[in-house]
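Peer 1: End of the sequence shown sits at 1063 in the UniProt record's numbering; the numbers just go up one at a time, nothing left out.
Shown below is the structure under consideration.
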Amino acid sequence: MATPDPVPDSHRGFQASVIRFAVRFRGTVVALAFLLLGYGAVSLMQAKYDVFPEFAPPQVGIQAEAPGLTAEQVEVLVTQPIENAVNGVPGVESLRSVSIQGLSVITIIFQANSDIFRNRQVVSERLAEAAQELPQNTPPPTITPLTSSSSTVLVLGLTSAKRSLMDLRSLADWTLRQRLLAVPGVSKVAVFGSDIRSLQVQIRPDDLLRFSLSIDDVLTAARKATAITGSGFIETANQRIVLQADGQSIDPEEIGRTVVASVNGASVLLRDVANVVNAPEPPIGGATIMGEPGVVLLVSGQLGANTVDVTEGIEKVLENLRPSIEREGIEMRTDLFRPADFIAISTNNVQQSLLLGGILVVVVLFLFLYDLRTATISSVAIPLSLLAAVVVLNALGATLNAMTLGGLAIAIGEVVDDAVIDVENISRRLRENRRLAHPLPIGQVIVNASLEVRGSVVYATFAVILVFLPVVMLPGLAGRFFAPLGLAYVLAILASLAVAMIVTPALCMLLFPKNTPAEADAVHDPPVTRWLRRHYERALHGIVAHPRATIAAAVLFTVIGCSAVPFFGAGFLPELKEGHFTLHMAAVPGTSIEESQRLGKLVTSALLKLPFVRVVSQRIGRAEQADDTWGSNYSEFEVDLQRGLSGAQSEEAQIEMRKVLAGFPGANFALKPFLTERVEESLSGYTASVIVNIYGNDLNELDATAQEVAQELNGIEGATEVQLQSPPGLPQLTIRPRKADLERWGLDAVEVLNVLRTAYQGDIVGQTYEGSRVYNVIAILDKETRENVTNVGNLPLRTRAGNFVLLKQVADVFQIAGRYQVDHLGGQRLQAVTANVIGRDVTSFVDEAEQRLNEKLKLPAGVHLEFAGSAQAQAKAQRDLIMNSLIAGLGILILLMVVTGSARNVLLVLANMPFAMVGGVLAVFATGGILTLGSMVGFVTLFGITLRNSIMMISHYEHLVGVEGRPWGPQTAIAGAADRLAPILMTSIVTALGLLPLAIGMNEPGREIEGPMALVIVGGLATSMTLNLLVLPTLALQFGKFGERDPEFSEAPPNSGGGAAAS
């Protein structure tokens, strides 16, 4: 037997020093390794868990109240000044806004990785300037709290058969909301439900006329009755005494006795012209739980908060409050929607897949290595490398989610391969050393054997990192999803490289010296490897004898397989199987809260008849503390399914629910899993897969064009839930003062508008206090008068002369079709048409829609449209991934030239890429032919693994010819390929088995994105492994160039190993 190969000088230095240190201080190294295992296990338990990384872009939300203004007035007077002010903020990527009656909501999207706190500070400064341009009496705009991407951490509700809705709302506002906001990690709590308690002075217009009083007289009296002022203090020689003047009336009866005026010597009291009662404020929303009226609280988490920890903190507070709440006859349900359940299920599923994959890996290692010590050393690398990556991820503030866990899963193959290559080469060199007449010291043999394989392993590792850089560098939403996966993968293989260089030699030094001399004469290869090698060499002899037929068959197979790619559909992300759906219901614009509640009860009843629906809650309109701008015709339902449903059952539930909803033709519905909806909303601002944005200046033209677009989309196969996001037709009563009549009666328009505001919106004239609870005192028309449309024109107005006229005498009062909201995108007016797609891929649907609209739609002058949504995000991500891959490809080519030493050998390494692609393509084709972004990342991963195997094969050929001096020919090609058989099989099988649970369970919660990715890798590895072992040796014989490195690369030929050096 030949002596061990000398270690090239280029390998000595840092790597040699590290390996010698590890061998010399092996006990310390192993102890530190076990310490890292323990620390990693603790980090794993303490890590923040979530379903996905933070995927929403940095954004700042602004809300500006504009009481009494219509949507068009809010747009012009409030929204536009604020948009103009913030448009110049550095780093703004897009700007969208919604203007509704009395409210403007503006969302500013910033560039990725920008400092969100700096963004908020700059926006705050601009808002201070913009506030000066807003109408008088308009409150200053506010910036909304920061929330996480998924936002919602818990939805709970209150119902009662004994207590009124006003009592429930007071409990929610003044007890639950305050306590929940104090929970660490809670950003805001939005309370949905009508009947906010207030003390109302409900003015009766007929009685005002009877006593010749005006609404202003009532306002003045009500303010005096509920006023509260400070009275100062008395300073004596030795103490300070605070003065409290307690003259505020808080009882409705007391307030009713307040004097308004004196008429003919008699006092006119408030109760003579108004009803003074505790009554609910005019509602802007409502809620039902299981079809019954109630109050719903939507709790949002802070940016970066741990959803599971926040949820547990909230539930602890609620459980402490539950006994006192139930004693009041109130039922509190905390299970309307609990995202932490899906987090637990999804992460548990991925962890189970990792664990099962790890067990299968250990079994495969033992079968191939057939030595307990060798298999143990190789297996230790798996938890050590993965836990080291977890420690770094925790230090970087990343969450452990489906994406990061998926990155760790696909790294298992490389992690094992690094350890196996070292262990196998060290084991072989130790056996050879024992046969020598003068054996070398064991430590020296281990150091030399480890250094032998360092070059090719390091090169292969950095080649894989270069392959993954395009994933890590993906911009936009795709990057926020998949960059953590790429980061976890890169960290794991870097940790694996370090473990192979430090821990593996130390463990070998501790375990391998116990081998007996008899073991040195044992067979070199385990039984499985020996059997495979014998049959493989026999097959390879036949294949290399027919090179042209082999290459032609491989090329034909590759071309046929890849020809299916143009026929694939495309999608951004698959629908998630979280077992919870958000249902949107839009009735006719102008539908009242009461009618929406009645319709919601029917929908709830129909859904609850389905056996898999567990609980349904409804939120109508909007809440005072929420960001939504929905009107009273709009509802959102939380539909939670029974626990433990499979992915297939969840899909079936969605189909059945759509059938039920089809039985309500008077409303438009949209049904999506919650997280899928949040992802789509992050993409475009709308909760739909397909969005057609129509821009222009004339709102009527936009509406007409949108109707045509909706009609065309409805005619395309697969279209469902097509609707306008800002539908016109809101019933609107217009009051238009007549200038001539105002002059004749001595009135001005502002007086008329103020009276209208007080009458129908109400004026807050004071506040009353009950303990720590504060309630508004509101002056408003009595309910009976307010609910009759014909009474608007009979509203009394007092002239400066003291006479009274009716509103209809000085103004035209008529009903028109108005609009509830006006949308902007990038400062332009916008009408959006949204649609979802079933039964086909979104990309092909959008392609057909674009073609159809271009052919059939004639746009008015000044109107243009564009598509947005997941199809555009998929296309952009695909372009970005390809461009990044081309840039990374240049780095890979340079690295391959360094590794292989010739352009021919570089081409040999790259030749295996199409072979790998074929298996991935077949896997996509077999599972429906939809190429998602996850599938594309799977191809990138596959190319990295394949590149590594090819580098190791070509490097080994170079080692056999350039270092060992074997002549290049069929025998060397077959021997070299046979040497690499076990490492390639182990890497491929270990990676495939590690990912197989993910691929098989791709429709289960938590595996929806990694499943297609894992399937592509498993399918690609099958063809890549086969063709790498059968075709690459033939190609190398025909076109390879070994032992004759180009001069500029001849200084340090890389070595290979892993059972692959010399036999």
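Built from N, CA and C at the ideal position, the CB exists for glycine as well.
Run through DSSP, which three-state label would M953 get?
Peer 2: Here M953 sits in helix by DSSP.
Peer 1: Using beta-carbon positions only, say whether A460 and R26 come within less than 9 Å of one another.
Peer 2: Contact: no.
Peer 1: Decide if T236 is buried, meaning its Cβ has at least 16 other Cβ atoms within 10 Å, or exposed.
Peer 2: So T236 ends up on the exposed side.
Peer 1: Distance, Cα to Cα, L103 vs A305?
Peer 2: Going by the C-alpha atoms only, they are around 29 Å apart.
Peer 1: What do you get for G1058, buried or exposed, if any count of 16 or more other CB atoms within 10 angstroms of its CB means buried?
Peer 2: Any reading at G1058 must be qualified, since the residue scores a pLDDT of 42, below 50, and its modelled position is unreliable; the value itself is stated next. Buried.
Peer 1: Please go through the same chain and pick out, in chain order, the residues whose beta-carbon is closer than 8 Å to the beta-carbon of T843, but skip the five residues on each side of it.
Peer 2: Closer than 8 Å at the Cβ level, and outside the excluded window around T843, lie G569, A570, G571, A871, Q874, A875.
Peer 1: Classify A74: buried if its beta carbon has 16 or more other beta carbons within 10 angstroms, exposed otherwise.
Peer 2: In the sequence on display, residue 74 carries Val and not Ala. When all chains shown are included, V74 counts as buried.
Peer 1: Roughly how many angstroms separate the alpha carbons of F482 and Q642, rounded to a whole number?
Peer 2: About 31 Å.
Peer 1: Which term fits P967, buried or exposed, when burial requires 16 or more other beta carbons within 10 angstroms of its beta carbon?
Peer 2: The residue in question, P967, is exposed, as its Cβ has fewer than 16 Cβ neighbours within 10 Å.
Peer 1: Restricting to runs no shorter than 4 residues, where is the alpha helix (DSSP H) found entirely within the region 261-338?
Peer 2: Here the runs fully enclosed are 270-273, 307-327.
Peer 1: Spatial neighbours of N278 within its chain, please: CB distance less than 7 Å, with the 5 preceding and 5 following residues excluded, ordered by chain position.
Peer 2: Answer for N278: R197, L199, P252, listed in chain order.
Peer 1: Consult DSSP for S170 and reduce its assignment to one of helix, strand or coil.
Peer 2: Note: S170 maps to helix in three-state DSSP.
Peer 1: Considering just the uninterrupted stretch of the beta strand (DSSP E) at E65, what are its terminal residues?
Peer 2: Looking at the DSSP string, the run of the beta strand (DSSP E) that includes E65 is 59-65.
Peer 1: For I314 versus V299, is the C-beta distance shorter than 9 Å?
Peer 2: Yes, they are a contact pair.
Peer 1: May I ask you to verify whether the region 633-649 touches the region 1002-1018, counting CB pairs closer than 8 Å and requiring at least 3?
Peer 2: Touching, yes.
Peer 1: In the DSSP output, which residue or residues are listed as bridge partners for P731?
Peer 2: Partner(s): A817.
Peer 1: Flag this pair as yes or no: are the beta carbons of V51 and S194 separated by less than 9 Å?
Peer 2: In this structure, S194 does not lie closer than 9 Å to V51 by Cβ.
Peer 1: Could you tell me which of L893, S353, M913, G358 sits nearest to T376, measuring between CA atoms?
Peer 2: Cα-wise, what sits closest to T376 is G358.
Peer 1: What is the rounded straight-line gap between the Cα of R904 and the Cα of G920?
Peer 2: If I take the Cα positions, the gap works out to 26 Å.
Peer 1: How would you call I234, buried or exposed, if buried means at least 16 neighbouring beta carbons within 10 angstroms?
Peer 2: By the 10 Å Cβ count, I234 comes out exposed.
Peer 1: Which ranges does the beta strand (DSSP E) cover as unbroken runs of at least 3 residues, wholly within the region 839-871, from first to last along the chain?
Peer 2: DSSP runs (the beta strand (DSSP E)) wholly in the region 839-871: 864-869.
Peer 1: Going by DSSP, name the residue or residues bridged to S97.
Peer 2: BP columns for S97 point to I106, H824.
Peer 1: Buried or exposed for Y489, going by 16 or more other Cβ atoms inside 10 Å?
Peer 2: Answer is buried; the Cβ neighbour count reaches 16.
Peer 1: In chain order, what residues of the same chain have a beta carbon less than 8 Å from the beta carbon of E129, not counting five sequence neighbours either side?
Peer 2: Taken in chain order, the residues that qualify are A85.
Peer 1: Should the region 819-839 be called in touch with the region 694-702, which here means at least 3 C-beta pairs below 8 Å?
Peer 2: Because the criterion of three Cβ pairs below 8 Å is met, the region 819-839 and the region 694-702 touch.
Peer 1: Here's the rule I'm using: 16 or more other beta-carbon atoms within 10 Å means buried, otherwise exposed. How should W630 be labelled?
Peer 2: Classification for W630: buried.
Peer 1: Spatial neighbours of Q15 within its chain, please: CB distance less than 6 Å, with the 5 preceding and 5 following residues excluded, ordered by chain position.
Peer 2: Hits under 6 Å: R454.
Peer 1: Compute the distance between the beta-carbons of S378 and V420, then report whether it is under 9 Å.
Peer 2: Yes, they are a contact pair.
Peer 1: With 16 as the cutoff for other CB atoms within 10 Å, does D418 come out buried or exposed?
Peer 2: Buried, since its Cβ has 16 or more Cβ neighbours within 10 Å.
Peer 1: T334 to S605, Cα distance in whole Å?
Peer 2: One C-alpha to the other measures close to 20 Å.
Peer 1: My output table needs one value for H959: the three-state DSSP class, helix, strand or coil.
Peer 2: Note: H959 maps to helix in three-state DSSP.
Peer 1: Of the choices A33, V813, N836, V499, whose alpha-carbon is the least far from that of I716?
Peer 2: When only C-alpha atoms are compared, the closest one is N836.
Peer 1: Report yes if the CB atom of G443 is closer than 9 Å to the CB atom of L469, and no otherwise.
Peer 2: No.
Peer 1: Please go through the same chain and pick out, in chain order, the residues whose beta-carbon is closer than 8 Å to the beta-carbon of V350, but skip the five residues on each side of it.
Peer 2: Only A402, L405, G406, A409, L998, G1006, R1007, E1010 meet the Cβ criterion.
Peer 1: Which ranges would you report for the alpha helix (DSSP H) in the region 631-666 if only whole runs of at least 4 residues count?
Peer 2: The region 631-666 contains these whole alpha helix (DSSP H) runs: 647-661.
Peer 1: Please list, in chain order, all residues of the same chain as E866 whose beta carbon is under 7 Å from its beta carbon, the five residues on each side excluded.
Peer 2: Cβ neighbours of E866 beyond the five flanking positions: N693.
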